[in-house]
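Residue numbers (the numbering used here), protein chains in the order written: chain A, 1 to 474; chain B, 1001 to 1474; chain C, 2001 to 2474; chain D, 3001 to 3474.
Beta carbons: idealized from backbone N, C-alpha and C, even for Gly.
Number of protein chains: 4
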Amino acid sequence: MAEEMNKFSRELRDDDHFHDECGVIGIYSPGDTGIARDIYFGLHSLQHRGQESAGIAVNRYGNIDYHRGMGLVQEVFSDDRIRTMQGDIAIGHVRYSTTGASLACNAQPLVVFFKGGAIALGHNGNLVNANILRDELQDEGYLFQTTIDTEVLAAYIARNIKDGDIEGAIAKTMKIAQGAYALVITSGEKLIGVRDPLGLRPLVLGKTKNGYVLSSETCNFNLLGAEKVRDIDPGEIITIENGEISSMKFDFGETRKTCSFEYVYFARPDSVMDGRSIYLARHECGKNLAKEQPAEADVVIAVPDSGNVAAMGYAEQSGIPFGIGLIKNRYVGRTFIQPDQKMRDISVRLKLNVLKENVEGKRVVMVDDSIVRGTTSGQIVRLLKDAGAKEVHLRVACPPVTDPCFFGIDTPEKKQLMAAKYSVEEMRGMIGADSLGFLSVDGMKDAIGLGRDNVCTACFTGDYPMELPERKDK
Amino acid sequence: MAEEMNKFSRELRDDDHFHDECGVIGIYSPGDTGIARDIYFGLHSLQHRGQESAGIAVNRYGNIDYHRGMGLVQEVFSDDRIRTMQGDIAIGHVRYSTTGASLACNAQPLVVFFKGGAIALGHNGNLVNANILRDELQDEGYLFQTTIDTEVLAAYIARNIKDGDIEGAIAKTMKIAQGAYALVITSGEKLIGVRDPLGLRPLVLGKTKNGYVLSSETCNFNLLGAEKVRDIDPGEIITIENGEISSMKFDFGETRKTCSFEYVYFARPDSVMDGRSIYLARHECGKNLAKEQPAEADVVIAVPDSGNVAAMGYAEQSGIPFGIGLIKNRYVGRTFIQPDQKMRDISVRLKLNVLKENVEGKRVVMVDDSIVRGTTSGQIVRLLKDAGAKEVHLRVACPPVTDPCFFGIDTPEKKQLMAAKYSVEEMRGMIGADSLGFLSVDGMKDAIGLGRDNVCTACFTGDYPMELPERKDK
Amino acid sequence: MAEEMNKFSRELRDDDHFHDECGVIGIYSPGDTGIARDIYFGLHSLQHRGQESAGIAVNRYGNIDYHRGMGLVQEVFSDDRIRTMQGDIAIGHVRYSTTGASLACNAQPLVVFFKGGAIALGHNGNLVNANILRDELQDEGYLFQTTIDTEVLAAYIARNIKDGDIEGAIAKTMKIAQGAYALVITSGEKLIGVRDPLGLRPLVLGKTKNGYVLSSETCNFNLLGAEKVRDIDPGEIITIENGEISSMKFDFGETRKTCSFEYVYFARPDSVMDGRSIYLARHECGKNLAKEQPAEADVVIAVPDSGNVAAMGYAEQSGIPFGIGLIKNRYVGRTFIQPDQKMRDISVRLKLNVLKENVEGKRVVMVDDSIVRGTTSGQIVRLLKDAGAKEVHLRVACPPVTDPCFFGIDTPEKKQLMAAKYSVEEMRGMIGADSLGFLSVDGMKDAIGLGRDNVCTACFTGDYPMELPERKDK
Amino acid sequence: MAEEMNKFSRELRDDDHFHDECGVIGIYSPGDTGIARDIYFGLHSLQHRGQESAGIAVNRYGNIDYHRGMGLVQEVFSDDRIRTMQGDIAIGHVRYSTTGASLACNAQPLVVFFKGGAIALGHNGNLVNANILRDELQDEGYLFQTTIDTEVLAAYIARNIKDGDIEGAIAKTMKIAQGAYALVITSGEKLIGVRDPLGLRPLVLGKTKNGYVLSSETCNFNLLGAEKVRDIDPGEIITIENGEISSMKFDFGETRKTCSFEYVYFARPDSVMDGRSIYLARHECGKNLAKEQPAEADVVIAVPDSGNVAAMGYAEQSGIPFGIGLIKNRYVGRTFIQPDQKMRDISVRLKLNVLKENVEGKRVVMVDDSIVRGTTSGQIVRLLKDAGAKEVHLRVACPPVTDPCFFGIDTPEKKQLMAAKYSVEEMRGMIGADSLGFLSVDGMKDAIGLGRDNVCTACFTGDYPMELPERKDK
């Protein structure tokens, strides 16, 4: 029974999307008694990047206090605990994971104590040679206490610090660590941000009244009273110390490969990433989709909330009016009563309801942001048909997802990806749509607008931006 | 500290809206072991009508088992408890209240045991002569155990049952009970729905595969596999027994006065109430608003989520493009860390962030559904101006709220209503908008479309649909 | 699984004892801002009388605020809630129940609002004609909202108040209510204590610095800074108002029948009840047991904690040295992991462990306070034998329990009572003891020392102190 | 407010005792699906050794799964989690700490992953050169993730494993690790027990039906169906593998120094430690105390529960009858409402109440197990005097505590120890007793009975069994 319930609970959470694995934030604000509070609120605005665990570390003159736990930011921290977390520099982390073994010990920031002091580190991303590095470290006698690749990074960095030169240690680590990483680090009296040589995962710098903030996204800058300064460059180590910024940048001879899925789905639309507004990119995806995959229809609707922006772009380009076709229940929580067997498509129906007025008797273009396993698309199409839609034309604002990600995104293994196994026409049939169209890879790249060579599209093309030494059938 | 935190927590919940006080549901489905489950899921879709307490009562051959508690539906019920609730008829209730004294003992359904059996009753609405009736009942020796007017109704009904004639008892009660009430009742082997003579509060009948459902709104019909049959008429008592429907209807010589605020804000857009789609009514409000209160502007944005539909209507009518201007944080919970003093407008900024791309350098029409105390409108306007909006023209998709409701809506007292104290121009100045325009009463009535005489607009006009024998300075 | 776990959890709680159903307390202390706090701590010392629900009502000039909930006193109340409960008079209640249907709505104090005001009432005891009275009340149109007989009492009292004469109403009620009841009541500006005509359930008056306290037991007087004044007499109504005590006493022509089980097991040994120290009574039971049921043995041990005092008495009388033979785990909580099937007698072994040094190779007298169903006695004897006890002579410090109680004690139905079905010799065989001896009824009566006619021994003799109009096969 | 409450909550927990810091258990039982369950129940019986955190690690063919958390054993584990913990070997740990910084990350067992596999380790004790070893390890590049000395042990052991020779690595570690440690370790297919060269902390081996158990105490053997085999020797490494026991023992040329406080207070009386029954040792302490510190009195009472056994010994030796003088409230929990200022000695009164019958008008000998800071003794004496005790003669069943422990016991710093600052006569005056007597060091040693040279009495004499390289003013 418990297992069935958990299964249903997972099903409810599962909205057939990729999931980002982490969000990071760091604040430098000496003398600010509210620094943990600011991290808390900043994490709150990054909550969409990870809901499984949350943690904060504060640094006062090199002494690090930290608190981590399973759950949403608001579940992990009490006002009492926040009040006791005092320091001049602080970092925070939220994490997502669908793995059963979601262990408390894997929560971040990771804190390690070495000879010269302590270092706290929060990581968004994934190393593709973590196991190799892990073995090397173990050969040297290093003992791991977690199963996350972040410990590999922390270990390499901490072990390579000579005479307090943490940036040098980070640089050394960057030469051997392959994969995706955006890091916020605090040690000594420094706040440090690091971005992998390809810039796969995002990290941006802002200026507050009393200091600086590093964050995965800019969507919390307004809340924190921060002005965006700039994105951290691929391969850059940025250090904030004594109120001043210094930077080292390594030319790894590689082209920038920003993750395209951040633009397609992960990031909040009110963030600007590598200079490009997520909202505008997503809107442009919708417009390009309309150009590439037109439809004869009466109304354009979105699968809320993530399909909203692209649907509006589609409507604008196509001239077909945008309408609300599906209403989302805002009270869907994380635990649930197990439904009766008789309730068809219950997990979708609990979350979505058709707005008949915009659907009945109409030819509907339904815009979704992506199709991963295809588990819910068919259910939603059925909802629309049941409500009297004459035709349902499914338009997807990104290309077919054919390959897993190895750079920090939680994706199913390849054999579970619908587009890896079926043709578009087969998918259309399974979903029950009258037509099905995807945005092309170039159409997406152009919408993102960073240059066709500058985005990673591995999950759509299998064209990974680096070798995968440990590729396993994920 | 605790008090400050509670204050902040309340502030966060307060989004300057009226709040509905209740939602009700009843299901008649003999032999259905999943009836409590269906009530549970049905309540889940009515959760927007009340988040403070939830309750379910199941009736098996006249024996009533019930469970009530404080919190969201998903917090009050466990799978174990739901499984033990077996019966042929069941009713459910959700309740909202901002009063400090939100007591567990006031949760519904109310269950009373009388000579002939038991009766369970769920009530949405408010009596205006409850204290008078309360006194009368107490004069006759009745002892109250709660402070809710629902107990007055239950007492009158139960005490007037003669020879099992519960409908007769209800009819008697309807003659003396003044105010608003939509009731779901179960007793003996009956499920009964009642609507007050003016039809102030909604109640609708649906047909399921195995029986019937009564619900405050139709938005759960799809989930429950129900087809709408019809709205309960004002003054009607509808009884479902032995699988058949019978009805008594009393002509109280009064004109229907459906609550206009259901259309403006309370009900879900995917509900149809008294034959009129909430979505269409709200959309039409937006269109009429555009006609009455045009603006020279570059973009129409909504205060999400409740302003969305009207904003789209405004955009459509005015020809000014609709855009997303504000992004809502979906993870705002009910408890929070107290913010630092330095964070300006924090409670609004935690919930909303500006989407600069649609606002910066633009003349913005911001459509909100209503202004009650005016506490947040100024903060949102400031957000937009801070983000570079050239002009902000606030348009409100209902008339100025000048008077409290006495018919089941949680409203502040008159002196807290912004429009009760200030002219539109004064309000504009306080809010900091470049212009401010409200929909006219007739414009709203026409949008609702039930006939100008058939909606209650007391909160906009002070023109109450009945005398208020107990009117106190609410 | 959940059911199995609950079963085990119940098994763990079940220590084969009768259980008291309630404890009550009332404090009169005008101007004392800490009155709810005192009730809280006073209830804490009555927690052994009921662990299922707890409640407090405070009375300020006739206005009653209350809070009730399921669980231990410390689980039901927060410091915040206690702080808001202000009044001059307050009452509190703890309740025990093994029934599955342990409903929140049955928690006390019960509060009812009548014409003249409000009344809060806490009840320890049970009416034997509750259903008859319930029917009568329902015939008169009274509607019940709970299933507890306390509501019958509250209803009769509240309905009979004329011109504020609450004592008169109580007196009237006492004439018709048959059974056991110790009541604390507050209404208007009065604190009232009531004891049934037989004095079956205890109630005692104490004097504090600022006022008075009524309590089921004296064990909290030291904590509350109270001096015992006297026990409330059978049939007495005591009123505290304006700082003065007045009393009405009704001569119902009946002999006092104090509950003997309070002395045998329920009450705390540091309480004095009807002038008799519980400790001394229990000690004397042990001595009389030694006289009546001697044994050739090397050591006297107790089943802790409830057998301790009688065992010491037995040792003292017999001259056989007292020793600790069983150690109790102080961390046994209310929820547990389900044990493996292989663990024999696990529920007893989790709670008790043998102290081999005092048992091995010895002839042991094991003194228990009572045997109800006999479920654990055999397990404990087996523990001792496994540990090397040569002989185990079980001595029980009360007579065989043959009949259920109808006066406020939670007892199994007759057919579950071991002594109702089996002879002493049969019981001995089933338990596996080398000998088994019970205290005689007269031996117990003499130990209690209130006079042989003045204690109720119905559960040992079936000789109920009044007719049982509603006796059902409990 | 919150701080005051926490202060009071701590005060309630503080019963002026030393506290043991840990309890450990390990089970070897291949093929036993209930092994985690057995560890769970075994920890439950060691709960008195640590209530702050609990953890279990299970080992299946070298793969280790673990779960740790803050709180009591029953709070940390759910049935679901226990069911998923499958293995052939398992270890468990409970931990106590009064330090504010009671971090989740310091919970045990500690699990580290090295090249050849993984190792899980649970530690009871304390190293006196942990910081020195910590520095050495950090010099070699080791990175710590916790602040506990257990990580030093785990690191040394894991780094010194060559070709899977874990015992060799342990032996190496034992040569440099100074202090107290009883360890349970699992790695590969082994369960290993280790005891420090002085045998300061206890560890005992038992035989179960299917395998073996290692435990801090024998009190859980009965529950687990285990027969005691023998105590682990000082300096011994015992290995269980393939169902067989092997042992290495190092002669460090040191005399056994078993912790005397285990006998005085920590261990459960139903445990046997180093061949000596805790119960008998404690009883003998009482007898020796009576010989050394006689008193003219009418009754001997104990401060329950920890003074019970010694008090009985005192009574037996002195011929003064033993009586119950103080009743303990069994429902004292961990969180509480803050009391009113007016309540004197509230924290003691909530826990203890006088049994007047055995105290009033009497000359009382009150036996306590130990006096640490002396904070509660005076309050208890006052309780007795308030209840009418004519004289109170306080007798303490161990010597005056003058020095802190550095071997795994949580003790206040020296300046907080009453006997470090005051003479016995001064203490008597402060406590308000009529006379005060302590057991002599030799009297205690003789009662423990392991030989006068074989027990550590550092906390009574300052005579530490080894140098303290890192002694700080604790």
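Quick check on the burial criterion: 16 or more other C-beta atoms within 10 angstroms. Buried or exposed for residue i?
{"i": "C:Tyr2181", "result": "buried"}
{"i": "C:Gly2443", "result": "buried"}
{"i": "A:Asn242", "result": "exposed"}
{"i": "C:Cys2459", "result": "buried"}
{"i": "B:Phe1413", "result": "Checking the sequence, you will find Glu at residue 1413 of chain B rather than Phe. Exposed is the call here."}
{"i": "B:Thr1457", "result": "buried"}
{"i": "A:Asn353", "result": "buried"}
{"i": "D:Phe3114", "result": "buried"}
{"i": "C:Phe2252", "result": "exposed"}
{"i": "C:Arg2134", "result": "buried"}
Would a C-beta distance cut-off of 8 Å place residue i and residue j closer than the cut-off?
{"i": "C:Ala2158", "j": "C:Ala2090", "result": "no"}
{"i": "B:Gln1416", "j": "A:Asp79", "result": "no"}
{"i": "C:Val2359", "j": "C:Ala2389", "result": "yes"}
{"i": "B:Gly1475", "j": "B:Gly1188", "result": "Since the displayed chain B opens at 1001 and closes at 1474, residue 1475 of chain B lies outside it and no answer follows."}
{"i": "B:Thr1150", "j": "B:Leu1110", "result": "yes"}
{"i": "C:Gly2168", "j": "C:Ile2232", "result": "no"}
{"i": "A:Asp403", "j": "A:Gly462", "result": "yes"}
{"i": "D:Ser3423", "j": "D:Val3264", "result": "no"}
What residue range is occupied by the uninterrupted beta strand (DSSP E) comprising residue i?
{"i": "C:Met2174", "result": "Per DSSP, C:Met2174 belongs to no beta strand (DSSP E); it is in the alpha helix (DSSP H), Ile2166 to Ile2176."}
{"i": "A:Val332", "result": "No beta strand (DSSP E) contains A:Val332, which DSSP labels as neither H nor E."}
{"i": "B:Gly1378", "result": "It is not in any beta strand (DSSP E) - B:Gly1378 instead sits in the alpha helix (DSSP H) that spans Ser1377 to Asp1386."}
For residue i and residue j, which I take to be in contact (beta-carbon distance under 8 Å), what is that distance rounded to the nearest angstrom?
{"i": "A:Ala54", "j": "A:Gly42", "result": "Not really, about 11 Å apart at Cβ, beyond 8 Å."}
{"i": "D:Asn3454", "j": "D:Thr3258", "result": "6 Å"}
What are the boundary residues of the alpha helix (DSSP H) that residue i is part of?
{"i": "B:Tyr1279", "result": "Ile1278 to Glu1292"}
{"i": "D:Asn3160", "result": "Asp3149 to Asn3160"}
{"i": "C:Ala2447", "result": "Val2441 to Ile2448"}
For chain G, find out if any of its Cβ atoms is closer than 8 Å to the Cβ of residue i; answer yes or no.
{"i": "A:Val354", "result": "The question asks about chain G, but that chain is absent: this structure's protein chains are A, B, C and D."}
Q) Which runs of the alpha helix (DSSP H) spanning at least 4 residues fall entirely within the stretch 3068 to 3134 of chain D, listed in chain order? A) Taking only runs of at least 4 residues, the alpha helix (DSSP H) segments lying wholly in the stretch 3068 to 3134 of chain D are 3073 to 3076 and 3079 to 3084.
Q: At 4 residues or longer, and completely inside the stretch 13 to 42 of chain A: list those alpha helix (DSSP H) runs for me, N to C.
A: none
Q | Runs of beta strand (DSSP E) wholly within the stretch 1208 to 1289 of chain B (minimum 3 residues, chain order) | A | Taking only runs of at least 3 residues, the beta strand (DSSP E) segments lying wholly in the stretch 1208 to 1289 of chain B are 1212 to 1215, 1227 to 1231, 1236 to 1241 and 1244 to 1249.
Q | Segments assigned beta strand (DSSP E), at least 3 residues, entirely inside the stretch 1409 to 1470 of chain B | A | 1435 to 1438
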